[in-house]
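Numbering (my numbering), first residue to last: 167 to 462.
Below: the structure, in structure tokens.
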């Protein structure tokens, strides 16, 4: 974790960008706390623009509303452990702008991962409107077209358990699915910290849910090729294993394949059909279903 080296001046671009990050009052936005009366309507002469949400997998249509989310948990096993924190940022692609953000703790009796995420279970049980926050989180999910997470397979596994809602929308993994520009000199499966630093974003904290969401949103703000990266990342994928002799295993590693995960004793990675064609070595599918939809 890198610390910020000083206080930027008033004209610092990073300071100007940071001014766009504003926390809002959750209680004013959930239905239970909203003022009574009919909703305010836009003037008839200037109707509010309406964006059409593309169907999942629509070719050539880039999603515009992304919900960047992250979780902090008490362990690695969703069957036994619990989600203790959720962070989310609603991001608009064409505008390169943050529309809203939220972070909330969920009450837990114990946190075996406190040394990693720094969250005291006793703090999670202090009185705060987490249920209202969760209602607002559901509204953000409903507004978004695609869920975005770093190591999405892990974050996705906690939804639909306990108080967290199930999410039946496409997921996009910024670690596995997006092929970042070569000029950024990133590993095939970069960390959030590596992504932030590659795009000139100071890394000032780690291991809290909203912090990682903010880093990813700021990366998206600075990414000129974002639309093409998203469209390529949303291509249907299957899990493949590399067919390489032991002395050429570096070729699989350099192509982003991982050893022993998720396929035991094999180099494997999820790939689209286009990406398979672009490889310079043979692979074989692990998943026998060629019609498998995109999943993190």
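For every residue, glycine included, the Cβ atom is placed at its ideal position computed from N, Cα and C.
Apart from the 5 residues on each side of it in sequence, residue 237 sits with its Cβ closer than 7 Å to the Cβ of 249, 251, 252, 321, 324 and 375 in its chain, given in chain order. One thing to note: residue 235 has its Cβ no nearer than 7 Å to the Cβ of residue 263.
In the DSSP assignment, residue 238 falls within the beta strand (DSSP E) that extends over 231-239. Following the DSSP letters along the chain, one finds residue 397 inside the alpha helix (DSSP H) bounded by residues 392-399. Between the C-alpha atoms of residue 331 and residue 275 there is a straight-line separation of about 20 Å.
Between residue 401 and residue 434, the gap from beta carbon to beta carbon reaches 7 Å or more.
Just measuring C-alpha positions, the residue of 415, 301 and 283 sitting nearest residue 241 is 283. Around the beta-carbon of residue 328, fewer than 16 other beta-carbon atoms lie within 10 Å, marking it exposed. Within the same chain, Cβ atoms closer than 8 Å to the Cβ of residue 366 are found at 388, the five residues on either side in sequence being excluded. In its chain, beyond the 5 residues on either side, 437, 449 and 451 have a beta carbon closer than 6 Å to the beta carbon of residue 406.
For residue 251, the uninterrupted beta strand (DSSP E) run begins and ends at 249-258, by DSSP.
Judged by their CB atoms, residue 392 and residue 386 are nearer to each other than the 7 Å cut-off. In terms of Cβ geometry, residue 273 and residue 246 do not form a close pair [threshold 7 Å]. Separation of the CB atoms of residue 353 and residue 343 is rounded to 15 Å, and the pair is thereby denied contact status at 8 Å. Here residue 383 is buried. Its C-beta has 16 or more other C-beta atoms within 10 Å.
Residue 313 is positioned such that its CB atom lies closer than 7 Å to that of residue 233. Cβ contact annotation for residue 426 (same chain, cutoff 8 Å, sequence separation greater than five): 432, in chain order. The residues 352, 356, 361, 364 and 395, in chain order, have a CB closer than 8 Å to that of residue 346 in the same chain once the five nearest residues on each side in sequence are set aside. For residue 442, there is no enclosing beta strand (DSSP E); the enclosing alpha helix (DSSP H) has its first and last residue at 439-444. Judged by beta-carbon spacing, residue 307 lies within the 7 Å limit of residue 333, meaning their Cβ atoms are closer than that value.
Counting along the chain, residue 388 sits inside the alpha helix (DSSP H) bounded by residues 375-388. Residue 447 places its beta carbon 7 Å or farther from that of residue 419.
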